[in-house]
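Protein chains: 2
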Amino acid sequence: MNKQIGMSSTQLGAPVYIREWASAVGKKEGEGPLSQLFDFVAGDDLLGNKTWEEAESAFQKKAVSLLFEKDPDTCNRVRFLLAGDLLGQEIASSFGLKDYRIPMFGLYGACSTCGESLGLGSMLIDGGFADRLVCVTSSHFASAEKEFRYPLDYGSQRPPSSTWTVTGSGAYLLSKESDRKYLNNQTVGEANQNDSPIVDKSVFDLPRKCFIERKYEVAITGITTGKIVDYGIKDSMNMGACMAPAACDTIYRNLRDFDRQPGYYDKIITGDLGTVGQTVLIDLLKQKGYDISDRHMDCGIEIFNGEEQGTNAGGSGCGCAASVLAAYILPRLACGEWKRVLFLPTGALLSKVSFNEGKSIPGIAHAVVIECMKQSL
Amino acid sequence: MNKQIGMSSTQLGAPVYIREWASAVGKKEGEGPLSQLFDFVAGDDLLGNKTWEEAESAFQKKAVSLLFEKDPDTCNRVRFLLAGDLLGQEIASSFGLKDYRIPMFGLYGACSTCGESLGLGSMLIDGGFADRLVCVTSSHFASAEKEFRYPLDYGSQRPPSSTWTVTGSGAYLLSKESDRKYLNNQTVGEANQNDSPIVDKSVFDLPRKCFIERKYEVAITGITTGKIVDYGIKDSMNMGACMAPAACDTIYRNLRDFDRQPGYYDKIITGDLGTVGQTVLIDLLKQKGYDISDRHMDCGIEIFNGEEQGTNAGGSGCGCAASVLAAYILPRLACGEWKRVLFLPTGALLSKVSFNEGKSIPGIAHAVVIECMKQSL
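Protein sequence lines, in the order shown, are assigned to chains A and B.
For the first sequence, position 76 (counting from the first letter as 1) is numbered 76 according to the working numbering, and the numbering increases by one without interruption.
Add 377 to a position in the second sequence, counting from 1, and you land on the number used in the working numbering.
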């Protein structure tokens, strides 16, 4: 079977199952529209740590530990970690995951890293190089502001096109088809009943109130790997516009490579374009002959109530797509409400150095096709 | 066939061939012991650019373009780029490679990224997800000093245990066994006869004088994926000591997983431990029952003449292992002098933020087994 589809897409030989997932988010995210869907909501965005960077590491650790709590034996059977974040030299992942002592691939695709990790991870499983592995990504509002923009203490104003970096992390356990004996038929979020032994227990942990019955398994069946697309935009306060061309390119290549129409997917879900980027994406794809306006969804738009929460164009960051995938998208697939989605986190490839040196902000978007496997349970 | 060996190693189903390789280095590297072996030596470390970051991008672009010059059709048939560097948010790779418009996986493993890219890349080929792909990594002395330490203008003193970040890049074309028709039976370095169309031609390009006859093909046959190892060392001027425990861990796991003795390899080659780290590594492995003192080699020690060039403990950076692999190690395998090597670039997982916040410097080392395929040509 030829797994290489078209110029740049991949058809997996067998579906790669997302067996478990977990999300851990900050206080503000817990006050947004998806409040009741996260596995863990922090009462304090420092999670008992002294620095924002340590706090981001703790969110990543928390997400992975929630995953492992769902099946305590899993920890010893995970062959690889695929992880990334937005900080310079990926210190949130290095310090968050070092105690697990699992062979690790550090990835960087800016806010698209969640999609990159799921794409690479599913290829490693399909190729027989691992029976199960964990993908995890994170971001933190305060560590990201420090890394990319201004000290929080400046209280600098934010234009309407700006986005708000999500404080949070999402983690996923990927496994091959035959590895079904380890599946726990838990309701989503059950892990929350026991707090993790790793994160300080004094942190207030909002109980999850919304349980969605998990009827079916979900699996990754295809991948369209991102290309760097640069339209020459230089405004770091309008990341949606910087990333929309890359999202357009990836969606277009996915539809063309697989010879599909947008209607093949129940939802086409970008990571963090926000309201401005969404408009740009829909317009760009219309110019290429595809109308996705009736099925486009953006994790950044879903996670916050922009007007009430002052988050302007929406949420962003490696933790945005990752936590919304775990809290909102996978449960909708697992209960059968959606059959297929194209999930493509979007990344803006800038650093404060490149920005200060007057460089443009190229984008990249890594897509995976995630399906509800109705025959599986 | 089970590709999963032991707890954390991989035996590829078929050898993954390193069909071509190219190295592009800076002026100081061109004055060192390997001077005559690099494909391209710059006369000026800015390569006609205005910033050190742009220069680093240009070295990466140069290495990839040298690779493509060896077979001009290759460019259109490369399915993935796997790339990384040391700068915050990997801007050297993003800006260096964006014009190629090839689907790209950004990787981060600090100075171990070259090993990470070869490991992941060979799994993608062995799994059938690509027929050919390119791995490329880079570093630059001046951009790294700016990213991690002090402005060059300070002229700060460097202790004897410090290393000198290599200015350079190495790129590799990986392909599957059956993809042999594209192999050019060139002498190593022939590409240097034509300058790249991408890098400014006014840059002085030292001609390579040393041609090694390429008799055999070389291939990756096994992988041992790195784990993060943290001995709690906090001295960023002694990176060798920070990384040696990770190198020890990876070598130990490789020998144990494959049930081999050090003598199985002609050389066990670390990336950039330098003279201090080398001593630590050999001691640590002796404690675990393995003596590699007669076959250990370190790219950082090979690339500079420390006493004459003032580079103290040796060279370092993503570009160190990458350029030495292309210039020195692969040619030795391709001419049959060595039969098998264990190649493991070593990375120190720090950022200036983590360092300033008093965190330790964990290490990681990603290993690949590279063999001379005597039956191939």
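Quick reminder that beta carbons are idealized off the backbone N, C-alpha and C, glycines included.
All figures in this text were calculated on a predicted structure; none of them were measured in a lab.
Taking a cut of 9 angstroms between CB atoms, which residues from the stretch 496-519 of chain B lie near chain A?
G496, L497, M500, L501, D503, G504, G505, F506, A507, D508
Where does A348 (chain A) land, buried or exposed, given buried means 16+ other C-beta within 10 angstroms?
buried
Just by C-beta distance, which residues in the stretch 324-354 of chain A are closer than 8 angstroms to chain B?
L349, L350, S351, K352, V353, S354
Residues of chain B with CB closer than 8 angstroms to the CB of M104 (chain A), please, in chain order.
T602, G603, K604, I605, I741
Cβ of A487 (chain B) less than 8 angstroms from any chain A Cβ?
yes
List the endpoints of the continuous alpha helix (DSSP H) containing Q309 (chain A).
306-309
Report yes if the CB atom of F457 (chain B) is closer than 8 angstroms to the CB atom of L501 (chain B), and no otherwise.
yes
Please determine, among A:K288, A:S175, A:N305, A:E213, the residue with the shortest C-alpha to C-alpha distance to A247 (chain A).
A:K288
Short Cβ contact (8 angstroms threshold) for E734 (chain B) with E53 (chain A):
yes
Classification of D536 (chain B) by the beta-carbon crowding that lies within 10 angstroms, buried from 16 upward
Position check: residue 536 (chain B) holds Pro in this sequence, whereas Asp was assumed. Result: exposed.
Report the rounded CA-to-CA distance for F59 (chain A) versus V324 (chain A), giving the unit in angstroms.
15 angstroms
Check for me: the beta strand (DSSP E) holding M750 (chain B) runs from which residue to which?
744-750
Can you give the Cα-Cα distance for G277 (chain A) and A22 (chain A), rounded to whole angstroms?
27 angstroms
Would you say K61 (chain A) lies against chain B (beta-carbon separation less than 8 angstroms)?
no
The alpha helix (DSSP H) with S9 (chain A) in it runs from where to where?
Per DSSP, S9 (chain A) belongs to no alpha helix (DSSP H); it is in the beta strand (DSSP E), 9-25.
If I646 (chain B) sits next to C676 (chain B), beta carbons under 8 angstroms apart, how far is it from one beta carbon to the other, in whole angstroms?
7 angstroms
Comparing the CB of C749 (chain B) with every heavy atom of the ligand FMN, is any distance shorter than 7 angstroms?
Of the ligands one can find in the structure shown there are none, so the ligand FMN has no counterpart to examine.
Report, in whole angstroms, the separation of the C-beta atoms of I223 (chain A) and A326 (chain A), which I expect to be a contact under 8 angstroms.
The Cβ separation is near 19 angstroms, so there is no contact.
Chain-ordered neighbours of I468 (chain B) on chain A, where CB pairs are closer than 8 angstroms
L349, L350, S351, V353, S354, K359
Identify each residue in the stretch 531-552 of chain B for which the Cβ-Cβ distance to at least one residue of chain A is less than 9 angstroms, and report them in chain order.
none
How far does the alpha helix (DSSP H) with S471 (chain B) in it reach, from first residue to last?
468-474
Find out if the Cβ-Cβ distance for the pair G6 (chain A), D257 (chain A) is shorter than 8 angstroms.
yes
Chain B within 8 angstroms of K98 (chain A), Cβ atoms only:
yes
So what's L66 (chain A) in DSSP terms, helix, strand or just coil?
helix
Kindly indicate the opening and closing residues of the beta strand (DSSP E) around C335 (chain A).
Careful: C335 (chain A) lies outside any beta strand (DSSP E) and carries neither H nor E.
Mind checking whether V513 (chain B) and A460 (chain B) have CB atoms under 8 angstroms apart?
yes
Below 8 angstroms between beta carbons: does that hold for V657 (chain B) and G617 (chain B)?
yes
Note down, in chain order, all residues in the stretch 76-88 of chain A with a beta-carbon under 8 angstroms from any beta-carbon belonging to chain B.
R79, F80, G84, L86, L87, G88
Cutoff 7 angstroms; reference F68 (chain A); Cβ partners in own chain excluding five residues on either side
T74, C75
Tell me, please, whether the CB atom of V16 (chain A) is closer than 8 angstroms to any CB atom in chain B?
no
Please give the ranges of any beta strand (DSSP E) in the stretch 467-550 of chain B, keeping only runs that are unbroken, at least 3 residues long and fully inside the region.
481-483, 509-516
So, is the C-beta of F95 (chain A) closer than 8 angstroms to a C-beta in chain B?
yes
K644 (chain B) to T652 (chain B), Cα distance in whole Å?
17 angstroms
Can you pull the DSSP bridge partners for S381 (chain B)?
Going by the sequence as given, residue 381 (chain B) is Gln instead of Ser. B:T387.
Could you give the DSSP three-state label for V755 (chain B): helix, strand or coil?
Residue 755 (chain B) lies beyond the stretch modelled for chain B, which goes from 378 to 754, so this question has no answer here.
Determine, for K380 (chain B), whether the minimum Cβ-Cβ distance to residues of chain A falls below 8 angstroms.
yes
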